[in-house]
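Each remark here refers to the structure printed beneath this line.
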Amino acid sequence: MAEVSKVVKEDGKYKVEVSLKPRYVNSQCTGCADCVPVCPEKSKNDFNYLMDETAAIYIPYENAYPQKYVIDMNACKGVSCNKCVEVCKYKAIDLNEEEKKITLEVKSIIWATGWDPYDSNKLDILGYGEFPDVVTNVVMERFASPDGPTKGEILRPSTKEKINSIAFVQCAGSRDENHLEYCSSICCLASLKQAKYIREQYPDAEIHFHYIDIRANGLLEDFYNSVKEDDKLHFHRGKVAKVFKDSSSAKLIVEAENTLTGNLMQNAVEMVVLATGMESSAKNLPIDKSLLDENGFFKSNGNGMIGCGVSTNPKEVAAVVQEATGSVLKAIQTIRGN
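This is the structure:
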């Protein structure tokens, strides 16, 4: 649980101050889980976007590394409770652990800081925050996951019932001068993948796909073409204007202009998934803002500061893996003075 808090360049090197956040559980933890049943406090599960709860002592997610517990001190009562400390036979819990700081001296830094989903609260015209059956693409991913809040079963949030119809709204916050002006690159394919999730669970569900343009480059076009063969998946070219509720049926109405026909269309569905854009997290880094472009993405400076992955621009996993290899080679060249 380390976070870079300060970067200063001195004598051709970077001094990096790193804050080591306390886990309150040390390396002696074996992941035995004896502490969980005795913990009386609950914590909102950030990994599942607050849709369920964990104990105050928890493993962040199923494949977390290291597979050791951590304590949410916003929920934990600390030494006044002490039940987890008493039950831990490995003496792995220290409720008095404090934050530490270390300083590293390096010649190169690779910034692979990922991305944040665009703030969907800004998309109220699309019904987010007003209607519980309007969710984001990242929330849909958690619904479909076996370790998600519904254990992989995709249900209508308001009723917890099965889904008969659903709409995917593409470019929700992307390619929009009022939000993110750029294309977020992977949203189309992510939604097409999620449409496959729906089809696997609900063979007869009607799926509506509202898009501006489909972005499926290279071999990924084969996947797009395979999804298009679904005769219950309907593609509508045109940006969605608004989402509202039909009081007579309790369904959601997705209103958009079909740019191929010029006609205004309204689709009644039970659930709406907003393909929210990818926003760079690099703008939150403790670095000179001249290293960021106009959209907040990182720009490598050719002097040891190297951007990697979505910190530089939106891209899919395969491209990130390739770029990671290149970033390491650049760092090695910098260190060697090449």
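Be aware that the sequence shown starts at 0, since it is given in numbering that gives the first Met the number 0, and climbs by one per residue. Note that the Cβ used here is the ideal one computed from N, Cα and C, for glycine as well.
Whose C-alpha, out of R22, V86, F46 and L122, is nearest the C-alpha of N95?
-> Distances from the alpha-carbon of N95 to those of R22, V86, F46 and L122 put R22 closest.
In whole angstroms, what is the alpha-carbon distance linking Y60 and F46?
-> Looking at the two C-alpha atoms, the distance is approximately 7 Å.
Take E40 as the anchor and find which of G11, V3, T29 and M72 has the nearest alpha-carbon.
-> For the residues G11, V3, T29 and M72, the minimum Cα distance to E40 belongs to M72.
Answer yes if the segment 139 to 149 comes into contact with the segment 174 to 185, meaning at least three C-beta pairs across the two stretches below 8 Å, and no otherwise.
-> They do not touch, by the three-pair rule.
If you compare alpha carbons, which of I108, C34 and M50 is closest to V15?
-> For V15, the nearest C-alpha among the options comes from I108.
In whole angstroms, what separates the C-alpha of E152 from that of M304?
-> Each residue's alpha carbon lies about 43 Å from the other.
Taking DSSP as the reference, what is the three-state secondary structure of I56?
-> Three-state DSSP puts I56 in a strand.
Do I92 and N25 have their C-beta atoms within less than 9 Å of each other?
-> In this structure, the beta-carbon distance from I92 to N25 falls below 9 Å.
One or two residues paired with R155 in a DSSP bridge | Paired residues: E160.
Cβ shell of G126 (< 6 Å), same chain only, five flanking positions each side left out = Around G126: V133 and V242.
Assuming A1 contacts S42 under a Cβ cut-off of 8 Å, what Cβ separation, rounded to an integer in Å, is found between them?
-> Not confirmed; about 21 Å, so no contact.
Quick one, are the C-beta atoms of V17 and L154 less than 9 Å apart?
-> Result no, Cβ atoms of V17 and L154 do not sit closer than 9 Å.
By how many angstroms is the C-alpha of G295 removed from the C-alpha of S4?
-> Whole-angstrom Cα-Cα distance: 18 Å.
Do you know how far the Cα of V327 is from the Cα of I334?
-> For the pair I334 and V327, the Cα-to-Cα distance works out to about 11 Å.
Alpha-carbon to alpha-carbon, K329 and V6 = Each residue's alpha carbon lies about 19 Å from the other.
If H209 and Q265 are in contact, beta carbons under 8 Å, what's the gap, nearest whole angstrom?
-> In fact, because the Cβ distance is near 11 Å, the residues do not count as touching under 8 Å.
Could you tell me which residues DSSP pairs with A1 in its beta bridges?
-> A1 is bridged to L19.
DSSP three-state assignment for G306, whether helix, strand or coil = Here G306 sits in strand by DSSP.
Determine, using beta-carbon pairs with one atom in the segment 186 to 202 and one in the segment 219 to 232, whether at least three such pairs fall under 8 Å.
-> In the pairwise beta carbon analysis, the segment 186 to 202 is classified as touching the segment 219 to 232: at least three pairs are separated by under 8 Å.
If you check the beta carbons only, do A274 and A255 fall under 9 Å apart?
-> No, Cβ-Cβ distance for A274 and A255 is not below 9 Å.
Smallest Cα separation from Q27: which of N62, S248, N300 and Y68?
-> Nearest of N62, S248, N300 and Y68 to Q27, Cα basis: Y68.
Under three-state DSSP, which class holds F142?
-> Assigned with DSSP and collapsed to three states, F142 falls in helix.
Cα-Cα, which of G308, Q332, M50 and G336 is closest to T149?
-> Taking T149 as reference, the option from G308, Q332, M50 and G336 with the minimal CA-CA separation is M50.
To the nearest angstrom, how far is it from the Cα of S173 to the Cα of K159?
-> The alpha-carbon separation between S173 and K159 amounts to approximately 30 Å.
Residue range of the unbroken alpha helix (DSSP H) whose run includes Q66 | Per DSSP, Q66 belongs to no alpha helix (DSSP H) and is neither H nor E.
Please confirm whether H207 and A166 have their CB atoms less than 9 Å apart.
-> Contact annotation: H207 and A166 have beta-carbon atoms nearer than 9 Å.
Over the uninterrupted beta strand (DSSP E) stretch that includes Q265, give me the two end residues.
-> L263 to V268 is the extent of the beta strand (DSSP E) around Q265.
Please state whether DSSP places A40 in a helix, a strand or coil.
-> For the record, residue 40 in the displayed sequence is Glu; it is not Ala. DSSP places E40 in coil when its eight states are reduced to three.
Counting Cβ pairs, one atom from each stretch, are 3 or more of them under 8 Å apart for the segment 306 to 325 and the segment 195 to 205?
-> Two segments are said to touch when three or more pairs of C-beta atoms, one from each, lie closer than 8 Å; by this definition the segment 306 to 325 does not touch the segment 195 to 205.
With C-beta atoms as the reference, is L19 less than 9 Å away from K99?
-> Closer than 9 Å, so yes.
Cut-off 6 Å between Cβ atoms - residues of its own chain near P313, not counting five sequence neighbours on either side = Excluding sequence positions up to five before and after P313, its CB lies within less than 6 Å of the CB of S183, S184 and M277, all in the same chain and listed in chain order.
Who pairs with D115 in a beta bridge, going by DSSP?
-> In DSSP, D115 forms a bridge with E278.
Taking only the alpha-carbon atoms, compute the straight-line gap between E411 and S310 and give it to the nearest angstrom.
-> The structure shown does not extend to residue 411, since the chain is modelled only from 0 to 337, so the question has no answer here.
Where does S119 land, buried or exposed, given buried means 16+ other C-beta within 10 angstroms?
-> Buried.
Other residues of its chain near K238: CB distance less than 7 Å, five sequence neighbours each side excluded = So the list reads C170, I211 and A255, once near-sequence residues are dropped.
Roughly how many angstroms separate the alpha carbons of A55 and C38, rounded to a whole number?
-> If you take the alpha carbons of A55 and C38, they lie about 7 Å apart.
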